[in-house]
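**Student:**
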Amino acid sequence: MKKFYLTSPIYYVNASPHIGHAYTNIICDSMARFRRIKGEDVFFLTGTDEHGEKIQKAANKEGVAVKNFIDSKVDIFKQLWPKLNISYDFFVRTSWEKHIKVVRAVIEKLYKKGDIYKSKYNAFYCIGCETFWTKLQLKDGDICPECGRKTEKIQEENYFFKLSKYESWFKKYLKNNPKLIQPKIRYNEVKSFLDNHSLTDLCISRPKKRISWGIELPIDQEYIVYVWFDALINYISGIGYGFDQEKFNRFWPADIHFIGKDILRHHAIFWPIMLKALDLEIPKSIFAHGWWKIKEEKISKSKGNIVNPFELVNQLTDLLGGNQELAADAFRYFLMREILIGADGNFSFKALINRINSDLANDLGNLVYRSLNMAQKYNAGKVKSIKKDIPSEFKESLAKLEKDYDNFMVEGEFCKALDNLFELIGVINKYIEDTKPWNLKKEQKEKELFSFLYAICEGIRVISIYLYPIMPKTALSIQKQLGIKDISFSTQEAKWGNSDNFLIKKEKPLFPRIDVS
Ligand code: MSP
Numbered sequence: 007m008k009k010f011y012l013t014s015p016i017y018y019v020n021a022s023p024h025i026g027h028a029y030t031n032i033i034c035d036s037m038a039r040f041r042r043i044k045g046e047d048v049f050f051l052t053g054t055d056e057h058g059e060k061i062q063k064a065a066n067k068e069g070v071a072v073k074n075f076i077d078s079k080v081d082i083f084k085q086l087w088p089k090l091n092i093s094y095d096f097f098v099r100t101s102w103e104k105h106i107k108v109v110r111a112v113i114e115k116l117y118k119k120g121d122i123y124k125s126k127y128n129a130f131y132c133i134g135c136e137t138f139w140t141k142l143q144l145k146d147g148d149i150c151p152e153c154g155r156k157t158e159k160i161q162e163e164n165y166f167f168k169l170s171k172y173e174s175w176f177k178k179y180l181k182n183n184p185k186l187i188q189p190k191i192r193y194n195e196v197k198s199f200l201d202n203h204s205l206t207d208l209c210i211s212r213p214k215k216r217i218s219w220g221i222e223l224p225i226d227q228e229y230i231v232y233v234w235f236d237a238l239i240n241y242i243s244g245i246g247y248g249f250d251q252e253k254f255n256r257f258w259p260a261d262i263h264f265i266g267k268d269i270l271r272h273h274a275i276f277w278p279i280m281l282k283a284l285d286l287e288i289p290k291s292i293f294a295h296g297w298w299k300i301k302e303e304k305i306s307k308s309k310g311n312i313v314n315p316f317e318l319v320n321q322l323t324d325l326l327g328g329n330q331e332l333a334a335d336a337f338r339y340f341l342m343r344e345i346l347i348g349a350d351g352n353f354s355f356k357a358l359i360n361r362i363n364s365d366l367a368n369d370l371g372n373l374v375y376r377s378l379n380m381a382q383k384y385n386a387g388k389v390k391s392i393k394k395d396i397p398s399e400f401k402e403s404l405a406k407l408e409k410d411y412d413n414f415m416v417e418g419e420f421c422k423a424l425d426n427l428f429e430l431i432g433v434i435n436k437y438i439e440d441t442k443p444w445n446l447k448k449e450q451k452e453k454e455l456f457s458f459l460y461a462i463c464e465g466i467r468v469i470s471i472y473l474y475p476i477m478p479k480t481a482l483s484i485q486k487q488l489g490i491k492d493i494s495f496s497t498q499e500a501k502w503g504n505s506d507n508f509l510i511k512k513e514k515p516l517f518p519r520i521d522v523s
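Just so you know, our numbering puts 98 at position 92 of the sequence shown, and the rest follows in order with no gaps.
Okay, structure coming up:
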């Protein structure tokens, strides 16, 4: 069985999650579910980034011990993921004792190899981004070029990792592996950065006298490990590097690291070089998605414009008749359909409701509800395949879906896959209107009526499979309502005609129209 290892970034626990974090994990979950239904052995890793100055400061501000502070924040993330129907396989924490051991072992190995050395350091530090900048990179004197906050000038002795030693290797590697960084625009960004800058060695320690919350450097007790160096290692500790070699060998290298474009440099430059120095394989791809904004400003705690995903899903649950799982699916659908994966998008409640009303209530919900209603009304819910021909009206969109869906999903183009799927939904809705089954019933054209009922139910079953990665609970509800005994979302089952009969158990509409006037 082919393996597929994918990761989300590990989230900082200095604040509660917002919809930007939800977005990354929904992308990962959709990919994980898609790969599972293709029959692959998937491992989806997510987790939390719990060390560093930012977190120490946040805990101090609340007047709580750092350990208690992080534990309570981690709980919030762990509650959020099931609420958004996220099906991760392991939750890694950087405060986890096994992760700490791996980080220390990595540093010892690189130190012995001569890739880590001690030196004096002069730089500007942005606590918000936990990132060092050189004077030349700053904006307006001392402003962080990434987030626009003031940086702090820092002069101290520290330990450095020899990024520069691997620069020419990495440039060549990147040139030969244009798919390493996706989408193309991000590949070009990294390439042009490397063309125009030489890599300076990475400072990987912080003196304890300045910051104490982190993993002690195994080679010098006066220091802790730089939070990014610590955090990136989660991708190997999370699958057992150094303590569960069998699992590690099974899943490494990662097939895809999903990240936001804000953390591209750390993943696309530091991480491959760290792995090369460790003699480990390089991930197959690093995929940077865009940002959700509100009125053109990135959603972030520092901007104070966060949208709380718990509140949003609760609100949708009320508006959609009380089913939280379907409300979470509606939110997932909006995030995945509204923008292309590499692009930025503006979030608004109005846009969310409009999407739900037009696509989920009108198109999908209406198709399922009225189809099952007709099956119940015209033949007591019993639908049999007298003939399994695909109605000619469906052929073009179905063929398009069969041809492109896999490719779009593999490439993370969820929006395009959904475009094709909703085209088919539109086609079946139109087929119902054009066929006018109520006349077939009146005229007692039984054969035609039964063929019609089978065609629409089989169409809905096929749709439920393609929909599953993005809207898993909706897909499940559809198959249950169709009365499918052996519920399955395997992509192999998506073939037209795989079902012989249905025994409809219609429930209330999946997505009622929301009136928020
Ligand atoms: N802890 C680091 C990642 C370490 S990975 C080894 C970090 N954490 S974070 O909590 O600040 O952000 C994690 C991710 O959340 C971002 O990379 C991005 O994927 C996502 N987003 C945060 N804000 C976002 C938006 N406004 N929009 C979309 N995604 C955003 O960085």
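Here a beta-carbon is modelled for each residue, glycine too, at the ideal position from N, C-alpha and C.
#1: What did DSSP end up calling L516 once you bin it into helix, strand or coil?
#2: For the candidate residues W298, V80, D412, whose alpha-carbon lies nearest to that of R39?
#3: Counting pairs of beta carbons, one from the segment 303-322 and one from the segment 188-204, are three or more of them closer than 8 angstroms?
#4: Using CA atoms only, rank isn't needed, just tell me which of I288, I265, I279 is closest to W258.
#5: Figure out for me which residue from K118, K79, V319, F264 has the closest Cα to the Cα of F293.
#6: Have a look at K8, L12, S14, A21 and flag the residue whose alpha-carbon is nearest the alpha-carbon of K309.
#7: Would you check if the distance between the CB atom of I362 and the CB atom of A336 is smaller than 8 angstroms?
#8: Please report the distance separating the alpha-carbon of F400 from that of N504.
#9: Determine whether the beta carbon atoms of V108 and S243 lie at a separation below 8 angstroms.
#10: Do you know how far the Cα of D236 is from the Cα of K479?
#11: Taking L370 as part of the beta strand (DSSP E), name the residues at either end of that continuous run.
#12: At which residue ranges does the segment 44-93 contain complete beta strand (DSSP E) runs of 3 or more residues, listed in the order of the chain?
#13: Helix, strand or coil, according to DSSP, for K107 in the structure here?
#14: Let me check you understand the geometry: is the CB of K63 closer than 7 angstroms to at least one non-hydrogen atom of the ligand MSP?
#15: Excluding the 5 residues preceding and the 5 following I149 in the sequence, name in chain order all residues of the same chain whose CB lies nearer than 6 angstroms to its CB.
#16: Would you say S36 and F420 are within 8 angstroms of each other, going by their C-beta atoms?
#17: Counting only the same chain and skipping the five closest in sequence on each side, list residues whose C-beta sits under 6 angstroms from that of T323.
#18: How far does the alpha helix (DSSP H) with I463 in it extend, from its first residue to its last?
#19: For D55, is the beta carbon positioned less than 7 angstroms from some heavy atom of the ligand MSP?
#20: On the DSSP letters alone, give me the boundaries of the beta strand (DSSP E) that F138 sits inside.
#21: What does the alpha-carbon distance come out to for the pair L341 and Y29?
#22: What number of angstroms, rounded off, separates the C-alpha of V438 from the C-alpha of K422?
#23: Alpha carbon to alpha carbon, what distance is there between F316 and K44?
#24: In three-state DSSP terms, what is S14?
#25: With burial defined as no fewer than 16 other Cβ atoms inside 10 Å of the residue's Cβ, what is the status of Y165: buried or exposed?
#26: Does the beta-carbon distance from E114 to P213 come in below 8 angstroms?
#27: Terminal residues of the continuous alpha helix (DSSP H) containing S243?
#28: With DSSP run on the structure shown, which of helix, strand or coil describes G534?
#29: Pull up the CB-CB distance for Y17 and D55, whole angstroms please, since I reckon it's below 8 angstroms.
#30: From G93 to N74, what does the alpha carbon distance come to, in whole angstroms?
#31: Using the three-state DSSP reduction, which class does P213 fall into: helix, strand or coil?
#32: Here's the rule I'm using: 16 or more other beta-carbon atoms within 10 Å means buried, otherwise exposed. How should T206 be labelled?
#33: Beta carbon of I510, beta carbon of I359: below 8 angstroms?
#34: Would E513 be called buried (16 or more neighbouring beta carbons within 10 Å of its own) or exposed?
#35: For R192, tell me which candidate among V80, L378, A274 has the shortest Cα-Cα distance.
#36: Between the Cα of L516 and the Cα atoms of K79, S204, A500, L326, which residue gives the shortest distance?
**Tutor:** A quick look at the data gives this:
#1: coil
#2: D412
#3: no
#4: I288
#5: F264
#6: A21
#7: yes
#8: 16 angstroms
#9: yes
#10: 36 angstroms
#11: From DSSP, L370 is part of no beta strand (DSSP E); its letter is neither H nor E.
#12: 47-55
#13: helix
#14: no
#15: none
#16: yes
#17: Q330, A333
#18: A quick correction: the sequence has Cys, not Ile, at residue 463. Its alpha helix (DSSP H) spans residues 452-473.
#19: yes
#20: 137-139
#21: 7 angstroms
#22: Position check: residue 438 holds Ile in this sequence, whereas Val was assumed. Whole-angstrom Cα-Cα distance: 25 angstroms.
#23: 31 angstroms
#24: strand
#25: buried
#26: no
#27: 240-243
#28: The requested residue 534 is not part of the displayed model; the chain covers only 7 to 523.
#29: 6 angstroms
#30: The displayed chain sequence assigns Ser, not Gly, to residue 93. Roughly 26 angstroms between the two C-alpha positions.
#31: strand
#32: exposed
#33: no
#34: exposed
#35: A274
#36: L326
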